[in-house]
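A.B. asks: The end of the sequence shown is residue 984 by this note's numbering, with every number in the run present. Backbone N, C-alpha and C fix where the C-beta goes; we use that ideal spot for every residue, glycine too. Can you keep this structure in mind? I'll have questions shortly.
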Amino acid sequence: MPTAPQTTDELYAALQENDERPYGRARTVVAEELVDAAEQFAEPAALVDALLELQEAYTYGSEPRKSPVVFARLLQLFDEQPDVFDERLRHHMYWRFKWVASALLSVPEMPLTALRQWLAEMRDRYEKAGLGLQPYYGQAYHLAAHLGESAEATAVAYELWAGRARTQYSDCEACEIRGRALYHLTAGDDERALDIWQPVLAGKESCQEEPATSISYALLPLVRTGRTDDARQAHLFGYRGCRRNPSMAPDVGRHLEFCALTGNEARGLELLAENRTLFAEVDSPSDMLTFLTGVEVLLQRVESLGHGGLPAAGFPGRTWTVATLRAEVAERAGDLAARFDARNGTTAHTDRRGVRLDRAPLLDTLELTLRPRALDDVAPATAPAAPPRAAAAALPESVAELVLRARELDEEGHPDAEACWTRLAALVDEPGYVHPDDPAVGPLARLRADLLDEEGAEARERSDLAGAAARYAESADLYTEAGLPGYAAVARGCALLAAAEVPGAEPAEPPSDEARAEAKAAAMTAAHTALTRLQEEAAGLAPFQEARLLRLRSTALGMRLEAQPTPEHTAAAFAEVELLHGFATAHDLPGQVCRALLLRASTHAIGGDLAAAKGELDGLLARLRADGPGWHLPHALGLRGRIHLGLRDADAAYADLSEALREAGKWPAYAAYAGTLHGELARACLGLGRHDEALRHLTRSAEVDMRHGSRVDAFCTYSNAARLGLDLGRVEDCIALLDSLLAEPDVTSRELDDRLVAQLRLTRARALRAGDDVKAALAEFLELAAESAGWADDPGSHAMIAAETAVLLAETGEFARAREAVDQALATHASAPRFEQLSSCLREVARLQAQQQGPDGLDDARAFLADAARLADDARAEGYEAEGRPLHAALAYEHGRVNAYAGEYEESLTALEETLSLLGAPGEDAGQAGEWAEAARLRGVVEGAYLKRPEQALRALDSAVARLTELGHEEAAAPLKSLASSLRDGS
-2 MPTAPQTTDE LYAALQENDE RPYGRARTVV AEELVDAAEQ FAEPAALVDA
48 LLELQEAYTY GSEPRKSPVV FARLLQLFDE QPDVFDERLR HHMYWRFKWV
98 ASALLSVPEM PLTALRQWLA EMRDRYEKAG LGLQPYYGQA YHLAAHLGES
148 AEATAVAYEL WAGRARTQYS DCEACEIRGR ALYHLTAGDD ERALDIWQPV
198 LAGKESCQEE PATSISYALL PLVRTGRTDD ARQAHLFGYR GCRRNPSMAP
248 DVGRHLEFCA LTGNEARGLE LLAENRTLFA EVDSPSDMLT FLTGVEVLLQ
298 RVESLGHGGL PAAGFPGRTW TVATLRAEVA ERAGDLAARF DARNGTTAHT
348 DRRGVRLDRA PLLDTLELTL RPRALDDVAP ATAPAAPPRA AAAALPESVA
398 ELVLRARELD EEGHPDAEAC WTRLAALVDE PGYVHPDDPA VGPLARLRAD
448 LLDEEGAEAR ERSDLAGAAA RYAESADLYT EAGLPGYAAV ARGCALLAAA
498 EVPGAEPAEP PSDEARAEAK AAAMTAAHTA LTRLQEEAAG LAPFQEARLL
548 RLRSTALGMR LEAQPTPEHT AAAFAEVELL HGFATAHDLP GQVCRALLLR
598 ASTHAIGGDL AAAKGELDGL LARLRADGPG WHLPHALGLR GRIHLGLRDA
648 DAAYADLSEA LREAGKWPAY AAYAGTLHGE LARACLGLGR HDEALRHLTR
698 SAEVDMRHGS RVDAFCTYSN AARLGLDLGR VEDCIALLDS LLAEPDVTSR
748 ELDDRLVAQL RLTRARALRA GDDVKAALAE FLELAAESAG WADDPGSHAM
798 IAAETAVLLA ETGEFARARE AVDQALATHA SAPRFEQLSS CLREVARLQA
848 QQQGPDGLDD ARAFLADAAR LADDARAEGY EAEGRPLHAA LAYEHGRVNA
898 YAGEYEESLT ALEETLSLLG APGEDAGQAG EWAEAARLRG VVEGAYLKRP
948 EQALRALDSA VARLTELGHE EAAAPLKSLA SSLRDGS
């Protein structure tokens, strides 16, 4: 708090401002300062309000030891100055007796006698005030349940509470539903508990803690009763309501336990990391015990699966592994349970903890999110990519045999060479490695050159072209040193091509697409010239090496053709491919023959002759199936699948790509390529209307890229998946996916491209808005709008973000700030036009202001519409055509709505008649007919209901219905028929 309030008005303003802060230490500190400030005023009511705010901060900030102290002071004021307490303050006082009871219960050093004395005090106070005792009996039942009294005693306490009528001081309906459900859950009746919980789980009853707390309890019962999809949805929604909240740490613990028992241990560790602050922020012993027990269930499960060495987020001050944290948590939680049992004279807390720790997993796996990961995926070592793959052939044990096998396979182009090179790299890196003294193996320099060559290939595969060029060049130098000029030439050729693909430095003024294409074509022409000269000058080339250089030359001309598809470039590319094919055929190199045929098909495809490309691939696939080699099948099938997509044959594409994925699964070296196939399958599924399956393939593609180091590609694909999920209405899935991505280390450390991160955050903000979490969505939009204001190279994105922010501000009634955001968007629009988006924003903000403020907001609403009119005029002058409704027609319709909300019905009617005129008479197009029908409907409402001219309205409505029906637009006509019927009935 910058300065202490000097007046009670300033005090109340500060209290109001603090009330907007989330619960936690920051809010609590301000509340403590405001109590000190209130002491200076001679107004006891102000002090009471400050104390009430402080008690609330302690209660929901998980500091139960301090809450009763504050309430004791309030109670003293209440007894000494009862006239200070009006009805509002009296209500707070009687309500918060329950808060104190809960606080005392949650602290084991508080004697049991003190708890019972407090309940007696509560009963006495309620009786003297003439209040019903149902709230008192509720607290008595909670004490019995906490103590673990006998089933009979607990049942009596339950009936004394649950059998009584609710009063104004009873817990809210949602919290009482939770209490009744937990009684039956403790008794082992999952079905009855879930039945009682239904209104809360369905969102019909809620409060500050609900439905999040009830959801956390209901997760395991939902799984035990077979409602796994409900459990999944509940987890995604409920976790978002409790994460990082100290007062809801027990709920977080139950979500961790749920992850542990449903095969989602990796997600559990991710959520634990997200909630690492709870280890330091939770001051409630009871809450900490429940939280730590959930943590221990998770860690125990992870350790039992052999991953005790994984890093884990835990208590501050040191780093933890799963195993060391589990031991620490077990000790602390065991001590807390023992302290409660000592206070209570029972073993209830230790017993309950034991029950949770002894639970066996309920499912092998339950896919909770769009990013399902196993523990291997979060381990330091790289995990194999899905789908499950056959293991590579057994590797030779001796280094000499392994080297010779790797080179033999590499010369053949066999994918199993990769496993050999990986093993050799590990051996060479081991301390004390001794290189074989074997002439067949050659010097260590040659082996290091082989390994660098393999590293270059891996770098190229993950699009690290500069890294690939450097490794290939270093490999070439070592080959030269080892006296192997043929190998050196091939490595130099690979370095040449990779270096040519590296984009040049971006000039201050971004080049046009045409200039980029020319630059790439020039680079590939130069690369081809250099490769040709290299091959001509190289000495001692073996046939397989010459074929590889020919393939590099073909690849360079193929990329040139892709950049500039001219007849000259097409002819040159085909000629180079034929040179490779002829050479490979003459020297009996079947692998290179297949690669030449793939290049020929690709050249046809790049040139636009998809039918010819398909024909080439049909022949190649027949050859591969008959004679092999089988490891070329995944790429041939994948390419034909992409050709089918180009031919708009999604069914054939899906079949080929699915088979390609299955074939790739036979070869461990194709793990990364599986990601490409998943991405193409997503396209095929979208073409077939199988959107959920497309979403699964997108996320699989992204995760494969993530595992294999192509992280930027992975984030881009995940971004597409998140947007698709949002379009499909899978809001919680979308939010959970984005939360997971935004917690990745390269995001939190700001290593990832800031614009890509901004796109992820923007999608998340839209998802939060779609999920009705307006407060969180608005906070994210405001941050993005502030950040994007500095994007001088991308003003259009800022205009879009500012426009969306303005609409959200308007939805929350902050029209002055909405005006500021609109002005930002309009200013940016001048340099990066966004006619349709800004017009939509302006119209929506105007509508919201008129709807919320009526006549008082009409002038400001019309000002927004005036801006929209200027925008529409500018768009018309520039020849811009909107993808949706014409801008002037949409604007006229909005004038109709805005004036109607403000009670200006004649102006509204005029605007709606203009709308119908601008839209024109309905025709065959269903979308245009629907828009026309909606304008006609609103016109009928204004004229018939608001202006009380039903006869004129009915004539217009009947005419509109007849016109729409004649054109076959029955659906569009239905609302007009309904309105006409209501007007005739006078309703």
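1. Give the secondary structure of Asn15 by DSSP, where H, G and I count as helix, E and B as strand, and everything else as coil.
2. CA-CA distance, Ala98 and Arg62?
3. What are the start and end residues of the alpha helix (DSSP H) that includes Ala668?
4. Can you find the residues in the same chain that come closer than 6 Å, C-beta to C-beta, to Cys591, ignoring five residues on each side of it along the sequence?
5. Roughly how far, in whole angstroms, is the beta-carbon of Tyr134 from the beta-carbon of Arg161, given that I think they are within contact range, below 8 Å?
6. Which of helix, strand or coil does DSSP assign to Pro500?
7. Taking the Cβ atom as the reference point for each residue, do Ala647 and Gly684 lie within a distance shorter than 9 Å?
8. Is the Cβ-Cβ distance between Ala773 and Leu765 less than 9 Å?
9. Below 8 Å on the Cβ atoms is my contact criterion, and I expect Gly314 with Leu322 to pass it. Report the Cβ-Cβ distance as a whole number of Å.
10. Quickly, what does DSSP pair Thr696 with across the bridge? List them, please.
11. Which two residues bound the contiguous alpha helix (DSSP H) that contains Gly793?
12. In whole angstroms, what separates the C-alpha of Asp227 from that of Leu219?
13. Would you say the segment 471 to 482 touches the segment 515 to 523, given that touching needs at least three Cβ pairs under 8 Å?
14. Just how far apart, CA to CA, sit Ala666 and Glu267?
15. If I measure Cβ to Cβ from Val32 and keep anything under 7 Å in the same chain, skipping five residues before and after, which residues do I get?
16. What residue does the alpha helix (DSSP H) around Met556 start on, and which one ends it?
17. The alpha helix (DSSP H) that contains Pro282, what's its start and end?
18. Are Gly810 and Gln849 closer than 9 Å when you measure CB to CB?
19. Helix, strand or coil: which one does DSSP assign to Trp664?
20. Could you check what DSSP says for Pro384 in three-state terms: helix, strand or coil?
21. Is there contact between the segment 910 to 925 and the segment 854 to 869, where contact requires at least three CB pairs shorter than 8 Å?
22. Between Glu748, Glu660, Ala789 and Arg727, which has its C-alpha nearest Phe234's C-alpha?
23. Given this structure, state the Cα-to-Cα distance separating Trp929 from Val842, to the nearest angstrom.
24. Would you tell me roughly how many angstroms separate the C-alpha atoms of Glu60 and Leu360, rounded to the nearest one?
25. What would DSSP say about Thr362, mapped onto helix, strand or coil?
26. Going by alpha carbons, who is nearest to Thr183 out of Thr110, Arg353 and Arg85?
27. Using only CA atoms, which one of Gly127, Lys95, Leu130 and Ala126 lies nearest to Trp115?
28. With DSSP collapsed to three states, give me the class of Trp628.
29. Less than 9 Å between the beta carbons of Val81 and Leu74, yes or no?
30. Output the distance between the C-alpha atoms of Thr4 and Gln78, rounded to the nearest integer angstrom.
31. Could you give the distance in angstroms between the alpha-carbon of His566 and the alpha-carbon of Leu554?
32. Would you check if the distance between the CB atom of Pro208 and the CB atom of Ala171 is smaller than 9 Å?
33. On a CA-only basis, which of His966, Asp450 and Arg934 is nearest Glu921? Give me that one, please.
34. Which runs of the beta strand (DSSP E) spanning at least 3 residues fall entirely within the segment 697 to 730, listed in chain order?
35. Which of helix, strand or coil does DSSP assign to Ala345?
36. Give me the Cα-Cα distance between Arg404 and His632, rounded to the nearest whole angstrom.
C.D. replies: With the structure as the only source:
1. Translated into the one-based positions of the sequence shown, residue 15 becomes position 18. In the structure shown, the three-state DSSP call for Asn15 is helix.
2. Position 101 of the sequence shown, counted from the first residue, corresponds to residue 98. Position 65 of the sequence shown, counted from the first residue, corresponds to residue 62. Rounded to whole angstroms, Ala98 to Arg62 spans 11 Å at the Cα level.
3. If you number the sequence shown from 1, residue 668 lands on position 671. According to the DSSP assignment, Ala668 belongs to the alpha helix (DSSP H) that extends over Ala668 to Gly684.
4. Taking the first residue of the sequence shown as position 1, residue 591 is located at position 594. The answer, listed in chain order, is His629.
5. For the purposes of this step, residue 134 is taken as residue 137 along the sequence shown, with counting starting at 1. For the purposes of this step, residue 161 is taken as residue 164 along the sequence shown, with counting starting at 1. Tyr134 to Arg161, Cβ: 6 Å. Contact.
6. In the sequence shown, counting from the first residue as 1, residue 500 sits at position 503. Three-state DSSP puts Pro500 in coil, outside helix and strand.
7. Stepping through the sequence shown from its first residue, residue 647 is reached at position 650. Stepping through the sequence shown from its first residue, residue 684 is reached at position 687. Yes, they are a contact pair.
8. On the sequence shown, position 776 is the one that residue 773 refers to. On the sequence shown, position 768 is the one that residue 765 refers to. Judged by beta-carbon spacing, Leu765 lies within the 9 Å limit of Ala773, meaning their Cβ atoms are closer than that value.
9. For the purposes of this step, residue 314 is taken as the residue at position 317 of the sequence shown. For the purposes of this step, residue 322 is taken as the residue at position 325 of the sequence shown. Not quite, the Cβ-Cβ distance comes to about 12 Å (not below 8 Å), so this is no contact.
10. Numbered from 1 along the sequence shown, position 699 holds the residue referred to as residue 696. DSSP output for Thr696 lists no bridge partner at all.
11. Taking the first residue of the sequence shown as 1, we reach residue 793 at position 796. It spans Pro792 to Glu808 - the alpha helix (DSSP H) in which Gly793 sits, taken as one unbroken run.
12. What you label residue 227 is simply residue 230 of the sequence shown in a count that begins at 1. What you label residue 219 is simply residue 222 of the sequence shown in a count that begins at 1. C-alpha separation (whole angstroms): 7 Å.
13. By the Cβ rule, the segment 471 to 482 does not count as touching the segment 515 to 523, because fewer than three pairs are nearer than 8 Å.
14. Along the sequence shown, one-based indexing puts residue 666 at 669. Along the sequence shown, one-based indexing puts residue 267 at 270. Going by the C-alpha atoms only, they are around 29 Å apart.
15. One-based indexing of the sequence shown puts residue 32 at position 35. By the criterion of a C-beta distance shorter than 7 Å, Val32 is surrounded in its chain by Ala47, Leu48 and Leu51, once the five residues flanking it on both sides are discounted.
16. Residue 556 sits at position 559 when you count from the first residue of the sequence shown. That run of the alpha helix (DSSP H) goes Pro540 to Ala560.
17. Numbered from 1 along the sequence shown, position 285 holds the residue referred to as residue 282. Following the DSSP letters along the chain, one finds Pro282 inside the alpha helix (DSSP H) bounded by residues Pro282 to Ser301.
18. For this step, residue 810 is matched to residue 813 along the sequence shown. For this step, residue 849 is matched to residue 852 along the sequence shown. The Cβ atoms of Gly810 and Gln849 sit closer than 9 Å to each other.
19. Numbered from 1 along the sequence shown, position 667 holds the residue referred to as residue 664. Under the three-state reduction of DSSP, Trp664 is assigned to coil, being neither helix nor strand.
20. Here the question's residue 384 lines up with position 387 in the sequence shown. In this predicted model, Pro384 has a pLDDT of only 38, less than 50, meaning its place in the structure is not dependable; the value taken from the coordinates is given anyway. Looking at Pro384 - three-state DSSP - the assignment turns out to be coil, as it is neither helix nor strand.
21. No, because fewer than three Cβ pairs between the segment 910 to 925 and the segment 854 to 869 fall closer than 8 Å, the two stretches do not touch.
22. Here the question's residue 234 lines up with position 237 in the sequence shown. Considering only Glu748, Glu660, Ala789 and Arg727, the residue with the shortest C-alpha distance to Phe234 is Arg727.
23. Locating residue 929 in the sequence shown gives position 932, where the first residue counts as 1. Locating residue 842 in the sequence shown gives position 845, where the first residue counts as 1. Cα-Cα distance, rounded: 22 Å.
24. Within the sequence shown, the letter at position 63 stands for residue 60. Within the sequence shown, the letter at position 363 stands for residue 360. Each residue's CA atom was taken as its position, placing Glu60 and Leu360 some 37 Å apart.
25. Position 365 of the sequence shown, counted from the first residue, corresponds to residue 362. Three-state DSSP puts Thr362 in coil, outside helix and strand.
26. Here residue 183 corresponds to residue number 186 of the sequence shown, with the count starting at 1. Closest option to Thr183, judged by alpha-carbon separation, among Thr110, Arg353 and Arg85: Arg353.
27. By one-based count along the sequence shown, residue 115 stands at place 118. Ranking the options by Cα distance to Trp115, first place goes to Lys95.
28. If you number the sequence shown from 1, residue 628 lands on position 631. Residue state, collapsed to three classes: helix.
29. By one-based count along the sequence shown, residue 81 stands at place 84. By one-based count along the sequence shown, residue 74 stands at place 77. Cβ distance < 9 Å, so Val81 and Leu74 count as in contact.
30. What you label residue 4 is simply residue 7 of the sequence shown in a count that begins at 1. What you label residue 78 is simply residue 81 of the sequence shown in a count that begins at 1. Approximately 22 Å between the Cα atoms of the pair.
31. Locating residue 566 in the sequence shown gives position 569, where the first residue counts as 1. Locating residue 554 in the sequence shown gives position 557, where the first residue counts as 1. So the two alpha carbons sit approximately 7 Å from each other.
32. In the sequence shown, residue 208 corresponds to position 211, counting from 1. In the sequence shown, residue 171 corresponds to position 174, counting from 1. A distance below 9 Å separates the beta carbons of Pro208 and Ala171.
33. On the sequence shown, position 924 is the one that residue 921 refers to. Closest by alpha carbon: His966.
34. Listed in chain order, nothing qualifies, since the segment 697 to 730 has no complete beta strand (DSSP E) run of 3 or more residues.
35. Taking the first residue of the sequence shown as 1, we reach residue 345 at position 348. Per DSSP, reduced to three states, the secondary structure at Ala345 is helical.
36. Residue 404 sits at position 407 when you count from the first residue of the sequence shown. Residue 632 sits at position 635 when you count from the first residue of the sequence shown. So the two alpha carbons sit approximately 22 Å from each other.
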